[in-house]
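With the working numbering as the guide, the letters of the sequence shown map in order to residues 334 to 681. Glycine included, C-beta positions come from ideal geometry on N, C-alpha and C. Inspection log for the structure reproduced underneath, given as C-alpha cells.
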Amino acid sequence: MSNSPVADLAPDSLLPVVQDLTRLNTLGLASEAGAFVTLKAPAQLPALSALARQASPLLVLGGGSNLVLPERVPGLVARVAFKGVRLLEARPDAWIVEAAGGESWHGFVSACIAQGWDGLENLALIPGTVGAAPVQNIGAYGVELEERFHSLTAWDVREARYVEMRAADCRYSYRDSAFKHDAPGRWVIVSVRFSLPRPWRPVLGYPDLQRHAKLAGESPSARDVFDAVCDIRRAKLPDPAVIGNAGSFFKNPIVPAAMRDALTDRHPGLVSYVQPDGRYKLAAGWLIDQCGWKGRTLGAAGVHDRQALVLVNRGGATAADIMGLARAVQDAVAARYGVRLEPEPVVV
Ligand code: EPU
334 MSNSPVADLA PDSLLPVVQD LTRLNTLGLA SEAGAFVTLK APAQLPALSA LARQASPLLV
394 LGGGSNLVLP ERVPGLVARV AFKGVRLLEA RPDAWIVEAA GGESWHGFVS ACIAQGWDGL
454 ENLALIPGTV GAAPVQNIGA YGVELEERFH SLTAWDVREA RYVEMRAADC RYSYRDSAFK
514 HDAPGRWVIV SVRFSLPRPW RPVLGYPDLQ RHAKLAGESP SARDVFDAVC DIRRAKLPDP
574 AVIGNAGSFF KNPIVPAAMR DALTDRHPGL VSYVQPDGRY KLAAGWLIDQ CGWKGRTLGA
634 AGVHDRQALV LVNRGGATAA DIMGLARAVQ DAVAARYGVR LEPEPVVV
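Given below as C-alpha cells:
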C-alpha cells in the first residue's frame, strides 16, 4: 500500500492544494489560490459540487486569459482540463464537431482546419479554452462564436447536475452570455458543440482581411484565412507569453444613433459600425488612442503601443495597477466623449 494520500485517492475525488496562479493568468499578475483543484475528468464534477459547498466562492479557471486576479484568491479555484475533439456528424449542410471545455481554443481551431472542418478560421489565435469561449461569446474579424455554436453541456455546480444548452439558453450578445450574468462559479462548461456550415464560404468583410496579401487571390481557402488572421493578430496584439495581457481590456461601447451622430459631428474621424438594431458600436481603441493613452504607462501597467484597447503588464503589475490604469483610461474617454468604457475581463 502506498503511504502517499494522493496516490490513494479515487479517480473521481479532488484534493485541494495551495497553487501559485501567476503563470495561470495571461496578464501574469502575481496571485495565489489557497485551495486549488484540477478537473481532469467529468467524473470529478460531483466532488467539485461537494467541495464548493464548503469553500465558496468558486472560481472556474480556463486559460486565465480574461481575468484580473487579486494577490490572494478566496474560496476554491477549479481549473478545467477536460480534453478531446471529435466529429459528431458529417451532415450535408454542416459538420457538427465537439470539443471538451479544457481544450486550448487555438489548438482546437487548428485541428479543425487540419481536418477540413472549416468555419472557425476567423477566430484563430484567440487565447483561452474552448469552455471559456461561450462565456464571453468570443469574436474576431467578422465572426462571433454564436454564429458557429450548436449546443453545450454544462455542469450546474449548485444543483450538481448536467444541463444541455442550445443557443437561446445561452442568451448571446456582443461579448456577453447568460453565464456572465449568473452567480460566478455556477457553471462548468464540460463540452461545446459547433455547427460549421457546408459548403464553406469565407468571411472576408473585415477591413484588415480585405487588405491582406494572402487573401487577394480569386478563391482563398480556409487555411489562407487562418494564416492571414494569425499574421494580423501577431502584428497588432501582444503575445501573452512575451508580455502579460488579457486581449481587449474594454468592450466596444454600443450607443444610440443620435449619440453617434452628435459625436461624429464633433469628431469627424470617429470609427463606428452600425448594428442590426440601428445602434452603433464605437471603436474603443480609437477613442483611447485619440485621448493620447496609447503606449502610456501608469505604475507597472501600460496601454499597448499597437492596439490601445489592450492593457499590458510591464512587469510585476498587480490587479490594483491594472485597475488604476483602467480607471484613468475610462475617465479620459468619458471626459472627452461622454462614453464610459466597460471592462471586458472578469475582475475577481
Ligand atoms: N484603432 C485605433 N487605435 C488603436 C486601436 C484601434 O485607431 O489603438 C482603430 C482601428 O484603426 C480601427 C478600429 O479602431 O479602425 C478598430 O480596431 P481593430 O480592427 O483593431 O478592432 P477592435 O474593435 O479594436 C475588436 C475586438 C478584438 C478583435 C478585433 C478584430 C473587442 C472588444 N475587441 O477590436 O478582440 O480581435 O475587433 O475583430 O470587440 C479581444 O476581445 O480580446 C480582441 C482582441
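8 Å Cβ shell around residue i - same chain, five flanking residues per side excluded
i, result
"ASP560", "LYS547"
"VAL666", "ALA617, LEU620, ILE621, CYS624, VAL672, ARG673, LEU674"
"GLY657", "LEU631, GLY632, ALA634"
"TRP533", "ASP451, GLY452, ALA555"
Close beta carbons around residue i, own chain, < 6 Å, minus the five adjacent residues each side
i, result
"ASN336", "For ASN336, the predicted model reports a pLDDT of 47, less than 50, meaning its position is unreliable and no value from the coordinates is stated."
"LEU420", "VAL430"
"VAL680", "VAL401"
"MET334", "Note that MET334 has pLDDT 41, beneath the 50 cutoff, so the model's placement of it is unreliable and the number below is only indicative. No residues qualify anywhere along the chain."
"ALA511", "CYS503, ARG504"
Beta carbon of residue i nearer than 8 Å to that of residue j
i, j, result
"VAL536", "GLY475", "yes"
"TYR507", "ILE587", "yes"
"PRO379", "ALA493", "yes"
"SER389", "GLY408", "yes"
"TYR505", "ASN455", "no"
"LYS416", "ALA433", "yes"
"THR371", "ARG412", "yes"
"VAL351", "ALA457", "no"
"VAL645", "PRO571", "yes"
For residue i, the residue or residues it bridges with in DSSP
i, result
"GLU497", "THR486"
"PHE583", "PRO676"
"PRO390", "BP columns for PRO390 are empty, so no partner."
"VAL512", "Looking at the sequence provided, one finds Phe at residue 512 rather than Val. Its beta-bridge partners do not exist; DSSP assigns none."
"TYR606", "LYS614"
"VAL406", "ALA366"
"TRP428", "ALA423, LEU529"
"ASP521", "Position check: residue 521 holds Val in this sequence, whereas Asp was assumed. Partner(s): TRP488."
"GLU477", "GLY472"
"ALA457", "None; ALA457 has no bridge partner."
Contacting residues, own chain, Cβ-Cβ under 7 Å from residue i (five flanking each side not counted)
i, result
"PRO589", "ARG612"
"SER581", "LEU642, VAL643, GLU677"
"TRP626", "VAL636, ALA641, VAL662, ALA665"
"HIS291", "Because the chain spans 334 through 681 in this model, residue 291 falls outside it and cannot be assessed."
"GLY435", "VAL413, ALA414, PHE415, LYS416, THR462, GLY464"
Rounded distance between the beta-carbons of residue j and residue i, thought under 8 Å
i, j, result
"LYS584", "GLU477", "So it is not a contact: roughly 13 Å between Cβ atoms."
"LEU381", "VAL468", "About 17 Å; that fails the 8 Å criterion."
"ALA366", "VAL410", "4 Å"
"ILE446", "ALA368", "With a Cβ gap of about 39 Å, ILE446 and ALA368 do not count as contacting."
"ARG531", "PRO609", "About 25 Å separates the two Cβ atoms, so there is no contact after all."
heavy atom of the ligand SAM below 7 Å from residue i C-beta
i, result
"TYR539", "You won't find the ligand SAM in this model; what it holds is the ligand EPU."
Checklist entry - If you pair each beta-carbon of the stretch 490-503 with each one of the stretch 424-442, do three or more pairs fall below 8 Å? => result no
Item to check | Touching by the beta-carbon criterion (3+ pairs, under 8 Å), the stretch 392-408 and the stretch 358-365 | outcome: yes
Next on the checklist: Quick test of the definition: if touching needs 3 or more C-beta pairs under 8 Å, does the stretch 450-457 touch the stretch 381-388?
Outcome noted: no
Checklist entry - Do the stretch 521-529 and the stretch 457-466 make contact, defined as three or more Cβ pairs closer than 8 Å? => result yes
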